[in-house]
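Written out below as structure tokens is the structure these notes cover.
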Amino acid sequence: MAMADQDLITYAQDAASRGEDLFALLATDATASESDIRRAFRRKALTAHPDKAGDAYDPALYERLERARDVLLNPAAREAYDSGMRAVLQKKMQLEQMSAKRRQLVEDLERREEEARRARQQPKPQAYDPERAAMAARGKAKWEEMVRQRKEAEVREELARQERLAARKKKEAGAADAAAGDEPSVAFASEPTTNIPDDGQRAPPAPTTTDDLDERIAELEKQLEEKRRNKAEKERRKAERKAERKGKTKTERSTSPEPLGKWDSKTSPSQSPPPLPSHATGESQADEDKAKPVEPTPSAAPPSVDGARQPSDRFASMFARLREAQAKKDEVKRKKAEEEARAAAGVSAT
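Using UniProt numbering, the letters of the sequence shown map in sequence onto residues 1 to 350.
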């Protein structure tokens, strides 16, 4: 990949100061033209390219070849390189002309200058700052506290999620049991039974929440009220049909089977008019029965309010005891969950 012009110039100056011969690297000389430099690079690339070298590929060598080509093909970079190389050669010639002692002094001076330059380029170690160290310690402690609180929050959220899931499952199971029961009043009139396995051990009863008990009590009371209304309606209809049948019987008995004849008010003033035919009499009597309001018999009276409230009072007292027992279980479960949360928080803190 070709470098920028300024980068090429800087690299050319550094290569010249090091005395690196880029022409010798490409196996050519200083009189080579651009086409000669390109051909020389292609010849060297036949052995140094990763596709050609295979396992013997040297990435540092290939990069040096590319940079040498780019420097020698760029006019500004090549000019900087030639100037630097001329200065190096001139300095080398001057050193050769000096005496051995003077040459040694010059070399020592250059060595010290190079060491000073490298020392300036190396980063200086920072001095110990107590305030900065204290700030770093406080930041680390704050971060650890945040991590601990986040872990505790995750533990609490997981426990709450499990409790909500268990409560929802219990609620669904209670609703399914209530829907599957044909006579809910019979199921709740007695104490809740538990399933006994084959080994004779009594299985623990399924826990029920207070909200589930309230909903089931309300559902039972609603069903009882509906049954009482249906029963009262049936009794009322039965009484109406019974009264209607009694009215028809009395009408049939009151009619006599005397033959019809011509009645004269002058000849028989003391006699009552002849009765109408039986079918006419029945129709008129039926009209009168329809117009007359039917009085309900004592047997059709709706059940008393006190008698209706007795089952609900019994259920209320029974479920009050169940709610109290469930409240104790919930309290024990809540304390156990808090202890587990505190234990988990202690483990995460350590």
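Ideal Cβ placement from N, Cα and C applies to all residues, glycine included.
Since this is a predicted model, take the numbers as computed values, not measurements.
What do you reckon, are the CB atoms on residue i and residue j nearer than 9 Å?
| i | j | result |
| --- | --- | --- |
| alanine 341 | glutamate 145 | no |
| arginine 38 | leucine 8 | no |
| alanine 173 | arginine 216 | no |
| glutamate 107 | leucine 95 | yes |
| alanine 27 | alanine 12 | no |
| alanine 87 | aspartate 5 | no |
| leucine 224 | leucine 322 | no |
| leucine 159 | alanine 337 | yes |
| alanine 80 | alanine 30 | no |
| valine 147 | alanine 345 | no |
| glutamate 221 | phenylalanine 315 | yes |
| methionine 85 | glycine 19 | yes |
So what does DSSP say about residue i, is it helix, strand or coil?
| i | result |
| --- | --- |
| serine 83 | helix |
| tyrosine 62 | helix |
| tyrosine 11 | helix |
| lysine 333 | helix |
| lysine 248 | helix |
Do you know how far the Cα of residue j is from the Cα of residue i?
| i | j | result |
| --- | --- | --- |
| valine 347 | alanine 56 | 56 Å |
| lysine 329 | lysine 335 | 10 Å |
| alanine 24 | alanine 45 | 15 Å |
| threonine 47 | serine 99 | 44 Å |
| serine 33 | valine 71 | 13 Å |
| methionine 135 | alanine 141 | 10 Å |
| methionine 318 | alanine 325 | 11 Å |
| leucine 109 | glutamate 115 | 10 Å |
| glutamate 183 | glutamate 244 | Confidence in glutamate 183 is poor, its pLDDT being 47 and thus under 50, which makes the residue's placement unreliable; the coordinate value appears in the next sentence. Roughly 34 Å between the two C-alpha positions. |
| lysine 246 | glutamate 226 | 30 Å |
| histidine 49 | tyrosine 62 | 7 Å |
| lysine 101 | glutamine 121 | 31 Å |
| serine 284 | lysine 231 | Summary for serine 284: the model assigns pLDDT 48, below 50, so the residue's position carries little reliability; its value from the coordinates is reported in the next sentence. Each residue's alpha carbon lies about 33 Å from the other. |
| arginine 168 | arginine 150 | 27 Å |
| glutamine 97 | serine 83 | 21 Å |
| proline 130 | tryptophan 143 | 20 Å |
| alanine 239 | lysine 248 | 14 Å |
| glutamate 163 | alanine 343 | 18 Å |
| alanine 320 | arginine 241 | 44 Å |
| glutamate 157 | leucine 165 | 12 Å |
| arginine 103 | glutamate 113 | 15 Å |
| arginine 228 | glutamate 331 | 39 Å |
| alanine 180 | glutamate 233 | 26 Å |
| aspartate 51 | arginine 64 | 17 Å |
| alanine 119 | serine 35 | 43 Å |
| threonine 10 | aspartate 58 | 24 Å |
| arginine 117 | leucine 105 | 18 Å |
| arginine 161 | arginine 132 | 43 Å |
| threonine 194 | alanine 137 | The predicted model places threonine 194 with a pLDDT of 45, which falls under 50 and marks its position as unreliable; any figure quoted below should be read in that light. One C-alpha to the other measures close to 60 Å. |
| arginine 43 | glycine 139 | 60 Å |
| lysine 170 | arginine 237 | 43 Å |
| alanine 175 | lysine 333 | 23 Å |
| alanine 60 | lysine 91 | 29 Å |
State the CB to CB distance for the pair residue i and residue j, rounded to an integer number of angstroms; the pair is presumed to be in contact (CB under 8 Å).
| i | j | result |
| --- | --- | --- |
| alanine 53 | leucine 22 | In fact, because the Cβ distance is near 21 Å, the residues do not count as touching under 8 Å. |
Contained beta strand (DSSP E) runs [length at least 3] in the segment 16–55, N- to C-terminal order: Fully enclosed beta strand (DSSP E) runs of no fewer than 3 residues are not present anywhere in the segment 16–55.
Only counting runs of 4 or more residues, tell me where the alpha helix (DSSP H) segments fall wholly within the segment 71–145, in order along the chain. Runs of the alpha helix (DSSP H) inside the segment 71–145: 75–97 and 100–121.
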